[in-house]
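Worksheet for the structure shown next.
Residue numbers (the working numbering): 761 to 1227.
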């Protein structure tokens, strides 16, 4: 995973022993090196021991942070002693980075509470947080009020915090392509471009006819089409898919990839039916799967907030996401259900992936026009699920998230399919229905609900229900 840069503020207060600051600097740098995080912090000669104590120290640290504003994704505040609450707050205010902030405080040793060795970080952390609250600066906390950086629990929390930073940074600058019109029957995937834009999320629209028109101008002899055909064949077994259909899929894939590159898009939501099948003659599922596998998530039925959720989960976990239907009960098990699409899931979810057709869609548009859909069963793996949605009547972005497991339970059907086990599933379905969420949900093979909640709720200011 790409190395990220973290601003580091080491707090200090003059009537506490300076040696604590020196030792903390060495320890935190060792931890960050071990975790492949690039630290941006004052040199030990810039201020007393490189700590932040006075307003002058805060000015120097803020200047340094502003110089690296393009690369700093978050800030870690280290409190080896009580620390200077105003120094920390002033640094963050003047730097104006608007990134997540994690507050760490060192524990005291019971046998080192004399004047020469006591820390009082327990108390100092409360004061720092009080000041950040007054300044309106959002921050994150460790589960243990005080904890050493060398402790394994802190390092896991720092890893999760870096994931929060990735999510927040990504969501504030994401560009989504909406290709084609929402299928008429799908009021469920309506969304507000204006609410998204107010939150830094841009939507680039394109009429499906523009994409299909360009694809129809390509031929099987074009070098770009041959290249895509090879990539498609290397990506998934082609099964009984006719060569003519594979050419159609490849031509469409060329144009979609060009559109994404030209518009610098991070994700897409595509009008995957029925105009595509009726006017072009194939499904776009294979291309969408390939994009999602390559960390450029693509969602069905022009579900823009669905693909936004895919992107957020991908940022949190570092692995692909998939858009699925909450589709069926699983026999009479109240905590299991069937997840399904016809289907375009990234092949990370489909070890037996094969290019096929879409039988349900084929009943209305002809099965011969639906090649490009994928067939495959998702095996047992961890599950984080959730959904972002714009609630236009309230003018907000809202979400629900949770964790469960995908299982190996028997499932005799076609398409992209999985069985999910989710604690208190019936209560979750009540929440989804009563709060007007879509029938689409996003799954990711991780346990990252806590990361997503912190990013969505604390830093993005969105309404979040964690099941």
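Even glycine gets a Cβ: it sits at the ideal position worked out from N, Cα and C.
{"query": "Segment limits, alpha helix (DSSP H) that includes residue 815", "result": "815 to 827"}
{"query": "Same chain, Cβ closer than 6 angstroms to residue 938, neighbours up to 5 away in sequence not counted", "result": "963, 965, 1029, 1062 and 1064"}
{"query": "Own chain, CB closer than 7 angstroms to residue 745, minus 5 neighbours either side, in chain order", "result": "The structure shown does not extend to residue 745, since the chain is modelled only from 761 to 1227, so the question has no answer here."}
{"query": "Among 884, 878, 887 and 864, the one whose alpha carbon lies nearest that of residue 903", "result": "864"}
{"query": "Complete beta strand (DSSP E) runs within the region 929 to 1017 (minimum length 3 residues, chain order)", "result": "935 to 939 and 962 to 966"}
{"query": "Beta-carbon gap between residue 1228 and residue 1182 smaller than 9 angstroms", "result": "Residue coverage of the chain in this structure runs from 761 to 1227, which leaves residue 1228 outside it and unanswerable."}
{"query": "Beta bridge counterpart(s) of residue 1145 as assigned by DSSP", "result": "1162 and 1203"}
{"query": "Status (buried if at least 16 other CB within 10 Å, exposed otherwise) for residue 1176", "result": "buried"}
{"query": "Validate contact between the region 1076 to 1083 and the region 1196 to 1215 using beta carbons, cut 8 angstroms, 3 pairs", "result": "yes"}
{"query": "Three-state secondary structure (DSSP) of residue 1097", "result": "strand"}
{"query": "Simplified DSSP state of residue 1061, which is helix, strand or coil", "result": "coil"}
{"query": "According to DSSP, residues forming a beta bridge with residue 1127", "result": "None, per the DSSP bridge assignment."}
{"query": "Contact check, residue 1179 vs residue 1171, beta carbons under 9 angstroms", "result": "yes"}
{"query": "Coil, strand or helix - residue 1079 by DSSP", "result": "coil"}
{"query": "Given 8 angstroms, three or more beta-carbon pairs between the region 1146 to 1163 and the region 894 to 914", "result": "no"}
{"query": "Given 8 angstroms, three or more beta-carbon pairs between the region 1103 to 1113 and the region 988 to 1003", "result": "yes"}
{"query": "Beta-carbon proximity check, residue 1227 vs residue 948, cutoff 9 angstroms", "result": "no"}
{"query": "DSSP state of residue 771 mapped onto helix, strand, coil", "result": "strand"}
{"query": "Any 3 or more C-beta pairs closer than 8 angstroms across the region 836 to 843 and the region 770 to 783", "result": "yes"}
{"query": "Nearest-angstrom Cα separation, counted from residue 1019 out to residue 1046", "result": "17 angstroms"}
{"query": "Supposed close pair residue 1220, residue 931 - CB separation, criterion 8 angstroms", "result": "6 angstroms"}
{"query": "Delimiting residues of the beta strand (DSSP E) encompassing residue 1028", "result": "1027 to 1030"}
{"query": "Residue 1013 and residue 1056 closer than 9 angstroms at C-beta", "result": "no"}
{"query": "Cβ-Cβ distance between residue 1116 and residue 1135 below 9 angstroms", "result": "yes"}
{"query": "Closest residue to residue 855 among 1132, 1090, 767 and 1033 (Cα-Cα distance)", "result": "767"}
{"query": "Counted within 10 angstroms of its Cβ, other Cβ atoms place residue 1084 as buried (16 or more) or exposed", "result": "buried"}
{"query": "Pairwise C-alpha distance: residue 992 and residue 980", "result": "14 angstroms"}
{"query": "Contact belief for residue 973 with residue 1008 at Cβ below 8 angstroms, rounded distance in angstroms", "result": "At roughly 14 angstroms, the Cβ-Cβ gap does not stay under 8 angstroms, so residue 973 and residue 1008 are not in contact."}
{"query": "Nonlocal neighbours in the same chain, by C-beta distance under 7 angstroms from residue 818, ignoring five residues either side", "result": "812, 847, 850, 851 and 854"}
{"query": "Euclidean distance between Cα positions of residue 785 and residue 809", "result": "9 angstroms"}
{"query": "Where the beta strand (DSSP E) through residue 1181 begins and ends", "result": "1176 to 1181"}
{"query": "Simplified DSSP assignment, three categories, for residue 846", "result": "helix"}
{"query": "Option nearest residue 844 by Cα separation, candidates 880, 861 and 823", "result": "880"}
{"query": "Distance, residue 872 Cα to residue 788 Cα", "result": "21 angstroms"}
{"query": "Whole runs of the alpha helix (DSSP H) within the region 849 to 935, excluding any shorter than 4 residues", "result": "881 to 895 and 912 to 931"}
{"query": "Short Cβ contact (9 angstroms threshold) for residue 896 with residue 861", "result": "no"}
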